[in-house]
Amino acid sequence: MPKKADAHLLGIKVGGLQEGRQTPTSPEAKYIGGRAESRYATAFAEYEDLYINVILPAIPEDVGTGVRGMLRSVGYNLYKRLKKVTDADTASAERDAVVARFTGLYGDALADAISAVADAVMAYCGFA
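Numbered per this note's numbering, the sequence shown spans residues 476 to 603.
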């Protein structure tokens, strides 16, 4: 997620620097680093909290690491969509769309795990 911030902090030109320069001056680096840190630190903390407290407990214990990553993607994807939703009908439609997409990609064998993660995220967002 914070790839652009890392590029700025490492001094790689991403935009906003003077033409033809690859590394920022000290004031530029401080400004870019401070902006990136505040912006991405908030988002990282929010998603880390979501993963540890909501998604991870909903993941079955007998799945492998790759499936855990996929189920984490299900949770993040649904959470991102639900942040824009205000009513329960739209929220359940978004949930059904995410579950259908991931079930179509990974098969019916993981449908229960996908639904469990989606239900946990729905409850976290207040659409239980």
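Glycine residues also receive a C-beta, built at the ideal position from the N, C-alpha and C atoms.
Sequence-distant residues of its chain with Cβ nearer than 7 Å to S590 (five each side left out): As a first step, residue 590 must be located in the sequence shown, where it is residue number 115. Counting only Cβ-Cβ distances below 7 Å, and skipping sequence neighbours, we find V574.
Contact set for S567: own chain, Cβ-Cβ below 6 Å, skip 5 residues either direction: As a working mapping, residue 567 is identified with position 92 in the sequence shown. Here the set comprises nothing.
Spatial neighbours of M476 in its chain, beta-carbon cut-off 8 Å, leaving aside the 5 residues before and after: Indexing the sequence shown from 1 puts residue 476 at position 1. No answer about M476 holds up, because its pLDDT of 40 lies below 50 and its placement is not dependable.
Cα-Cα separation, Y551 to I530: As a first step, residue 551 is located in the sequence shown; it is residue number 76 there, counting from the start. As a first step, residue 530 is located in the sequence shown; it is residue number 55 there, counting from the start. Straight-line Cα distance between these residues: approximately 9 Å.
Local conformation of I527 per DSSP, three classes: Position 52 of the sequence shown, counted from the start, is the residue given in the question as residue 527. Helix.
Rounded C-alpha distance that separates A595 from K555: Numbered from 1 along the sequence shown, position 120 holds the residue referred to as residue 595. Numbered from 1 along the sequence shown, position 80 holds the residue referred to as residue 555. Using only the alpha carbons, I get a separation of about 14 Å.
Nearest-angstrom Cα separation, counted from F577 out to V549: Taking the first residue of the sequence shown as 1, we reach residue 549 at position 74. Taking the first residue of the sequence shown as 1, we reach residue 577 at position 102. The alpha-carbon atoms of V549 and F577 are separated by roughly 7 Å.
Simplified DSSP state of T540, which is helix, strand or coil: One-based indexing of the sequence shown puts residue 540 at position 65. In this structure, T540 counts as helix in the three-state DSSP scheme.
Delimiting residues of the alpha helix (DSSP H) encompassing I589: Locating residue 589 in the sequence shown gives position 114, counting from the first residue. It spans 586-599 - the alpha helix (DSSP H) in which I589 sits, taken as one unbroken run.
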